[in-house]
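Chemist:
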Amino acid sequence: MMDATHALSISRQAQLVGISRGSVYSVPTPVSAADLVLMRHLDALHLEHPFMGTRMLRDQLNREGFTVGRKHVRSLMARMGMEALYRKPGTSKKHPGHEIYPYLLRGLTINRANQVWALDTTSIPMAKGFVYLTAVVDWASRKVLAAKVAITLETCHAVEVLQEAFTRYGTPEMVNTDQGSQFSAQAFVHAVKEQGCKFSMDGRGAWRDKVFVERLWKSVKYERVYLHAYDSVSEARQSIMQYLDWYNQSRPHSSLDKHTPDEAYAVTLPTGKLAAYASAETPLKNLGRLFNGMGPLQSAGRRRQRQAAGRGHENDLFR
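Shown next as structure tokens:
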């Protein structure tokens, strides 16, 4: 864009295109090895203690032997898209320039597949650098419907993973996300609304609204990511996708009465959609076993509903 041999000075060229002169000479620098180590520790601390802010994280890092200040911790948290989860004032203020949708799940009983889907994005540390994992999760069954590992935090990735879930599993009644820029962008909002889905957004800074998906991220990272040091994006993508397949097919959940997400999804799917799902995802010989376990699963669901009465479903997501 800039031409150093042009008759106009660099300052004048920058002024004409509407950018600062300093940005012409700036050269992006990679994240240092020391910062990558700090980011790995910050990510682990945030997963274990999501309420910690910059002061407490700084103190924890100092106790572990790292010399780091609060401002540097804040900068690294911003780079990773990390924010302490706690109740704070002004949670109803919308992000400037974005249309924010209301949170529609409060007090709602969620007990069937494809009733509510949740989307979120988290950072995944590698040996050098990090990538982003975006996933679509069925709220009632905990099944990961679609996921993507990407090197950037852009709207196109969120739209792509949502479209993949639509193609494979149909459309839910409602889609719930946080207020991240990739989800509040017009392209993503259009992708949700053109399918006739209601759109719900978590309250800004409301920790209870995100605890369900945060629990998935903790499982992914502690049970797979932190056990490996990925050297490439392709290696990270292959490993994480293998884990998510195992998570859906073989990992039982106490909150699902020891069923796996695949089993819970098949059991709670409305009858009209069950045949299509069975032919595409679940061998027919397994359907009898799934329905034999339907009674305990429904009983556990009713028990959780009674316990959540008067408190809202978000307080009983994980028992």
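Numbers given in this note's numbering equal positions in the sequence shown, counted from 1, plus 172. Every residue, glycine too, gets a C-beta built ideally from N, C-alpha and C.
#1: Give me the Cα-Cα distance between residue 336 and residue 372, rounded to the nearest whole angstrom.
#2: For residue 409, which residues of its own chain have a beta-carbon under 7 Å away from its beta-carbon, when the five flanking residues on both sides are left out?
#3: Run the CB neighbour count on residue 349, radius 10 Å, all protein chains shown included, and call it buried at 16 or more, exposed below.
#4: CB residue 305 to CB residue 355, shorter than 8 Å?
#5: Out of 233, 324, 325 and 352, which one is the CA nearest neighbour of residue 272?
#6: Looking at C-beta atoms only, is the number of pairs between the region 391 to 405 and the region 296 to 304 that lie closer than 8 Å three or more?
#7: To the nearest angstrom, report how far apart residue 256 and residue 184 are at their CA atoms.
#8: Quick one: grab the DSSP three-state call for residue 300.
#9: For residue 491, which residues from the same chain have a beta carbon less than 6 Å from its beta carbon, with the 5 sequence-adjacent residues on both sides left out?
#10: So within the region 222 to 293, which uninterrupted alpha helix (DSSP H) runs reach at least 4 residues, ignoring any that extend past its ends?
#11: Here's the rule I'm using: 16 or more other beta-carbon atoms within 10 Å means buried, otherwise exposed. How should residue 341 be labelled?
#12: Which value, in whole angstroms, describes the spacing of the CA atoms of residue 234 and residue 201?
#13: Give the straight-line distance between the Cα atoms of residue 441 and residue 313, rounded to the nearest whole angstrom.
#14: Under 8 Å: do the region 242 to 256 and the region 276 to 287 share three or more Cβ pairs, one atom per stretch?
#15: Expressed to the nearest angstrom, what Euclidean distance is found between the alpha-carbon atoms of residue 279 and residue 437?
#16: Please report the straight-line C-alpha distance between residue 357 and residue 326, rounded to a whole angstrom.
#17: Decide if residue 418 is buried, meaning its Cβ has at least 16 other Cβ atoms within 10 Å, or exposed.
#18: Distance check for residue 220 and residue 242, CA to CA, integer angstroms please.
#19: Can you tell which of 347, 411, 388 and 387 has the C-alpha that lies nearest to the C-alpha of residue 369?
#20: Leaving out the 5 sequence neighbours to the left and right, which residues in its chain are closer than 7 Å to residue 261 when beta-carbon positions are compared?
#21: Could you give the distance in angstroms between the alpha-carbon of residue 518 and the alpha-carbon of residue 189?
#22: With residue 196 and residue 182 assumed to form a contact (beta carbons below 8 Å), what rounded beta-carbon distance in angstroms separates them?
#23: For residue 412, I'd like the list of residues in its chain whose CB is within less than 8 Å of its CB, leaving aside the five on either flank, ordered along the chain.
#24: Note the first and the last residue of the continuous beta strand (DSSP E) segment covering residue 370.
#25: Hey, how far is the Cα of residue 215 from the Cα of residue 175?
#26: Grab me the residues of residue 191's own chain with a C-beta within less than 6 Å of its C-beta, minus the 5 sequence neighbours each way, in chain order.
#27: Mind checking residue 310: buried by the 16 CB within 10 Å criterion, or exposed?
#28: With residue 177 as the anchor, note down where its beta strand (DSSP E) starts and where it stops.
#29: Within a Cβ cutoff of 7 Å, which residues of the same chain sit near residue 344, ignoring the five residues on either side of it in sequence?
#30: Is the beta carbon of residue 217 closer than 8 Å to that of residue 211?
#31: Do residue 226 and residue 245 come within 8 Å of each other at the CB atom, strictly closer than that value?
#32: With DSSP collapsed to three states, give me the class of residue 310.
#33: Any idea what DSSP makes of residue 305, helix, strand or coil?
Modeler: Let me spell this out:
#1: 20 Å
#2: 321
#3: buried
#4: no
#5: 352
#6: Flag = yes, the region 391 to 405 and the region 296 to 304 touch.
#7: 43 Å
#8: If DSSP states are grouped into helix, strand and coil, residue 300 belongs with coil.
#9: Bear in mind that the predicted position of residue 491 carries a pLDDT of just 37, short of 50, making it unreliable; the figure below should be weighed with that in mind. If we look at residue 491 and ignore the five residues flanking it on each side, its Cβ neighbours are 427.
#10: Within the region 222 to 293, the complete alpha helix (DSSP H) runs of at least 4 residues are 226 to 235 and 242 to 252.
#11: Burial call: buried.
#12: 26 Å
#13: Distance from the CA of residue 441 to the CA of residue 313, rounded to the nearest whole angstrom, comes to 9 Å.
#14: no
#15: 22 Å
#16: Between the alpha carbons of residue 357 and residue 326 lies a distance of about 10 Å.
#17: exposed
#18: 19 Å
#19: 347
#20: Only weak support is given to the placement of residue 261: the predicted model assigns it a pLDDT of 39, under 50, and the question is left unresolved by the model.
#21: Look at the range of the chain in this structure, 173 to 491, and you will see that residue 518 is not part of it.
#22: Right, the Cβ-Cβ distance comes to about 6 Å (below 8 Å), so this counts as a contact.
#23: 296, 305, 319, 321, 392, 396 and 397
#24: For residue 370, the enclosing beta strand (DSSP E) starts and ends at 370 to 373.
#25: 42 Å
#26: none
#27: buried
#28: Looking at the DSSP string, residue 177 is not in any beta strand (DSSP E), and its letter there is neither H nor E.
#29: 286, 287, 288, 289 and 369
#30: no
#31: yes
#32: strand
#33: strand
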